[in-house]
Amino acid sequence: MKGGLKINKTELIKEFIKVVNSHYPNLYICFDYSEDLDEYMIWHDDLHLEFQDNNFKKTVGKIAHDVLFNNDVYNFSFGCDYRGFL
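Just so we're aligned, residue 2 is where the sequence shown starts under our numbering, counting upward by one.
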C-alpha cells in the first residue's frame, strides 16, 4: 500500500464508485464482495454506457488506475448487470 499505510480495500471501492458517479451522476452503481473468490464485484445499470460509449470505458479505466491500481487493488470486476437491479 502507498506510503506504508494499509488502506481498507472496501473504502477504496467506495471511493472508486464515488469518483465514477462524479462523472456520471445518473449512473446507479452497486458492489458486493465474494469471500470465496476474494473479489469485489462492481456493477452498474447502463447498457448504453457499457457497450456504446468508448469515453465511458476510458474514464472508468483512468479512475480504476488512479484509485484502485495505484493502491494495489486488482481483485475486482466492473460492468453492466441490469439483472442486479430488478
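Just so you know, even glycine gets a beta-carbon here, dropped at the ideal spot from N, CA and C.
Given the structure is predicted, the values throughout are model-derived calculations rather than measurements.
Between residue i and the rest of its own chain, which residues show a CB-CB distance below 8 Å, the 5 nearest in sequence each way excluded?
i, result
"M2", "Because M2 carries a pLDDT of 44, less than 50, the predicted location of this residue cannot be relied on, and the following value inherits that uncertainty. The answer, listed in chain order, is I8, N72, D73."
"G62", "none"
Verify whether the separation of the beta carbon atoms of residue i and residue j is less than 8 Å.
i, j, result
"F57", "L50", "yes"
"D39", "N76", "yes"
Give me the Cα-Cα distance between residue i and residue j, rounded to the nearest whole angstrom.
i, j, result
"C81", "M42", "11 Å"
"Y25", "L69", "18 Å"
"T60", "V21", "8 Å"
"K19", "N55", "20 Å"
"K10", "S35", "13 Å"
Between residue i and the ligand COA, is there a pair consisting of the residue's CB and a ligand heavy atom that are separated by less than 7 Å?
i, result
"L50", "For the structure depicted, the ligand COA is absent and the ligand set is empty, with no information on it obtainable."
Leaving out the 5 sequence neighbours to the left and right, which residues in its chain are closer than 6 Å to residue i when beta-carbon positions are compared?
i, result
"H45", "L28, I30, C81"
"I14", "F32, Y41"
By Cβ distance, which residues of its chain are closer than 7 Å to residue i, with the 5 residues on each side in sequence left out?
i, result
"F17", "I64, A65, V68, L69"
"G5", "Bear in mind that a pLDDT of 46 at G5, under 50, signals an unreliable position, so the number given afterwards is only what the model happens to contain. Once the five neighbours on either side are set aside, G5 has no close Cβ partner at all."
Looking only at DSSP bridge pairs, what is residue i linked to?
i, result
"G80", "W44"
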